[in-house]
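Below is one structure, written out as structure tokens; the observations come after it.
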Amino acid sequence: MVENLEKPIGVSYKNSPSMSKRTAIRMKKSSRFSILLYSVLSTLLAIANPLLTYFANGLQTQNLYTGLMMTKGQIPYSDVFATGGFLYYVTIALSYLLGSSIWLLIVQFIAYYVSGIYFYKLVYYVAQSEIVSIGMTLIFYIMNIVLGFGGMYPIQWALPFMLISLWFLIKFCVDNIVDEAFIFYGILAAFSLFIDPQTLIFWLCSFVLLTATNIKQKQSLRGFYQFLCVVFGMILIAYTVGYFMFNLQIISSYIDKAIFYPFTYFARTNHSFLLSLAIQIVVLLGSGCLFGLWDFIQNRKKASYQIGLNFIACIFIIYAIMAIFSRDFNLYHFLPALPFGLLLTSNKITILYQKVIDRRSHRRQYFSGKSLIVDLFVKKTYYLPLLLVSLSIGLLVYNTYQNVTLSKERRDISHYLTTKIDRDGKIYVWDKVASIYSHTRLKSASQFVLPHINTAQKNNEKILKDELLQHGAKYFILNKNEKLPNELKSDIKKHYQEVPLSNITHFVLYRFK
Numbered sequence: 210m211v212e213n214l215e216k217p218i219g220v221s222y223k224n225s226p227s228m229s230k231r232t233a234i235r236m237k238k239s240s241r242f243s244i245l246l247y248s249v250l251s252t253l254l255a256i257a258n259p260l261l262t263y264f265a266n267g268l269q270t271q272n273l274y275t276g277l278m279m280t281k282g283q284i285p286y287s288d289v290f291a292t293g294g295f296l297y298y299v300t301i302a303l304s305y306l307l308g309s310s311i312w313l314l315i316v317q318f319i320a321y322y323v324s325g326i327y328f329y330k331l332v333y334y335v336a337q338s339e340i341v342s343i344g345m346t347l348i349f350y351i352m353n354i355v356l357g358f359g360g361m362y363p364i365q366w367a368l369p370f371m372l373i374s375l376w377f378l379i380k381f382c383v384d385n386i387v388d389e390a391f392i393f394y395g396i397l398a399a400f401s402l403f404i405d406p407q408t409l410i411f412w413l414c415s416f417v418l419l420t421a422t423n424i425k426q427k428q429s430l431r432g433f434y435q436f437l438c439v440v441f442g443m444i445l446i447a448y449t450v451g452y453f454m455f456n457l458q459i460i461s462s463y464i465d466k467a468i469f470y471p472f473t474y475f476a477r478t479n480h481s482f483l484l485s486l487a488i489q490i491v492v493l494l495g496s497g498c499l500f501g502l503w504d505f506i507q508n509r510k511k512a513s514y515q516i517g518l519n520f521i522a523c524i525f526i527i528y529a530i531m532a533i534f535s536r537d538f539n540l541y542h543f544l545p546a547l548p549f550g551l552l553l554t555s556n557k558i559t560i561l562y563q564k565v566i567d568r569r570s571h572r573r574q575y576f577s578g579k580s581l582i583v584d585l586f587v588k589k590t591y592y593l594p595l596l597l598v599s600l601s602i603g604l605l606v607y608n609t610y611q612n613v614t615l616s617k618e619r620r621d622i623s624h625y626l627t628t629k630i631d632r633d634g635k636i637y638v639w640d641k642v643a644s645i646y647s648h649t650r651l652k653s654a655s656q657f658v659l660p661h662i663n664t665a666q667k668n669n670e671k672i673l674k675d676e677l678l679q680h681g682a683k684y685f686i687l688n689k690n691e692k693l694p695n696e697l698k699s700d701i702k703k704h705y706q707e708v709p710l711s712n713i714t715h716f717v718l719y720r721f722k
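Residue numbers 210 to 722, in our numbering, belong to the letters of the sequence shown in order.
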């Protein structure tokens, strides 16, 4: 039987029985099992799995190293330049205290599963179709793997809190939710902000949405009370987390590096601006999200396309702009925008699916269920998702080939360093990944663990050079394929001497004289 397709997300439908039914979603066991299966498969591909460490990129290895060094007394934001949330690094540190990063697979699984459940609910609210919902959820998981292979990104752990909150907002606009429930909303906000400060965009847009809704309904006083409930909920978490951050004396550093820096300087690396721009535009087109945004722009004046989709489109556009100007070849920058873009696209896919169903009795169908939705998604986006998948696989193969080729040398160098330096000694590794740091568990001589991450800003680049010129590193490890600034070349030649190591051809090891 064909599902009845009602109007997409619109303005407030509060006290409307028909709209209240839309939020009373009972998932089929088959859909829950599918989401469970997708979550398990996605989790098994996480780089916390020791079998997949070769696939980790620079940011993933740096994040794991930052959490590891918390167990050694090095603090993010003060000792290590970090842009993730405090709770994110604490979680990684706890996994190492338990003995291995493999414990992070549990966290990653929970994040994937909860995100999948609530993404399904959000799509179902738009489509009122089981097939469209589970089909778009499958696409959501595929795109998560394509853009963020290996997982362990802060935004992936914060996403469940964002999607639960988005579902909360929909229920607020449709049902009579008690105002005190906004305490829970504030708790969700605090958790997500302490996992990934990038979610601040979502919460600011949410505040605008709630304010606009209450003003339109002439409920300003009630809106103020809801705001107080949100603040109270946030305080419950922020006070506890803030207590530890205050004792560590990192509150000002956290605000500067984790909150202000990502929103005031989008570039993350020094890669070619034009080439990185081209890659990120391919990501935007290949994700299929632009298809939904274009449909939204064309139909936004319709009565059913107002506050709800305006809100989602606004968040998507902001995150997409940040990704496009990231000046990086990696694809994970688009992860924050992904769920919002796919929600916009699901609105159009629903209409297309209805047309296909209406023609089913007149034309033989070669696809059904989830495969039909995926087929519609790929064809209506001009097969650009296949281009994105090809790009992702190409980059993954290239990076993996480099890591596998160099991994033995990195381990040999790590073994040598552990026999020559005590636990308080410092090194610096001019490399693409932080594997040598993690293997040796030694501290970095600079707060910028890797030379090409977060050093696109001239001031940060200067800080990196100044810290290295202070000669805090007892050993300096140089990847021959990575370009070293001339001033550092001259300084190393003057103050360091090369240590010959057998079977090491891609690296040069220097010891301080």
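Even glycine gets a Cβ: it sits at the ideal position worked out from N, Cα and C.
Under the three-state reduction of DSSP output, Y541 falls in the helix class. For a cut-off of 8 Å, the C-beta gap from S496 to L547 is around 6 Å, short enough to register as a contact.
Using a Cβ-Cβ distance cut-off of 8 Å, the segment 259-273 and the segment 371-390 are not in contact, since fewer than three pairs of beta carbons, one from each stretch, lie closer than that value.
Counting only runs of at least 3 residues, the segment 597-674 fully encloses the following beta strand (DSSP E) elements, listed from N- to C-terminal order: 635-639.
In this chain, the beta strand (DSSP E) harbouring F716 covers F716 to F721. Looking from the CA of L261, the closest CA among I630, Y610 and E618 belongs to Y610. Around the beta carbon of S304, a 10 Å sphere encloses 16 or more other beta carbons of the protein chains shown; the residue is thus reported as buried. Taking a cut-off of 8 Å for Cβ pairs, the segment 238-255 and the segment 310-321 touch, as three or more such pairs fall below it.
Between F505 and L493, the gap from beta carbon to beta carbon reaches 8 Å or more.
Shown here for H715: same chain residues with a beta carbon closer than 8 Å to its own, the five before and five after excluded, namely T614, L615, E618, N688, K689 and N690 in chain order.
In the displayed model, F534 falls within coil according to three-state DSSP, outside both helix and strand. Ranking K466, F472, L296 and I326 by CA distance to the CA of S240 puts I326 first. In the three-state reduction of the DSSP assignment, F290 falls in the coil class. Taking C-beta separations shorter than 8 Å and ignoring five residues to either side along the sequence, the partners of Y247 in its chain run Y321, G325, T346, L347 and Y350, following chain order. For the 8 Å CB-CB criterion, P285 and T275 form a contact.
Counting of Cβ neighbours within 10 angstroms places V387 among the exposed residues, the total staying below 16.
For I396, the number of other beta carbons within 10 angstroms of its own is at least 16, and it is reported as buried.
When DSSP states are grouped into helix, strand and coil, V417 belongs to the helix group.
Put simply, the backbone Cα of L306 is about 10 Å away from that of M279. Going by DSSP, V583 is part of the alpha helix (DSSP H) stretching over K579 to K589. The Cβ atoms of I315 and L273 lie no closer than 8 Å to each other. DSSP, reduced to helix, strand and coil, places E389 within a helical segment of the structure shown. Secondary structure note for Q489: it is in no beta strand (DSSP E), and the uninterrupted alpha helix (DSSP H) holding it is F482 to G495.
By the neighbour-count criterion, in which 16 or more other beta carbons inside 10 Å mark a residue as buried, W503 falls on the exposed side. At a Cβ-Cβ threshold of 8 Å, K588 and F500 do not count as neighbours. Excluding its 5 nearest sequence neighbours in each direction, T420 has C-beta neighbours in its own chain below 7 Å: G432, listed in chain order. Contact between Q656 and E676 holds: CB atoms are separated by about 7 Å, below the 8 Å threshold.
Contact check for A467 against T292 passes: the beta carbons are separated by less than 8 Å. Of the candidates S287, F538 and I521, I521 places its Cα closest to the Cα of L331.
Rounded to whole angstroms, I379 and V355 show a C-alpha spacing of 29 Å. Here DSSP, grouped into helix, strand and coil, assigns Y334 to helix. When the alpha-carbon of F358 is set against those of Y333, E339, I256 and Q426, the nearest one is in I256. Exclusion of the five residues before and after W312 leaves S304 as the residues of its chain whose Cβ lies within less than 6 Å of its Cβ. P471 is classed as buried because its beta carbon has at least 16 other beta carbons within 10 Å across all chains shown. The beta carbons of F482 and R568 sit about 47 Å from each other, so the pair does not count as a contact at 8 Å. Looking at the DSSP output, F685 bridges to Y637 and Y719.
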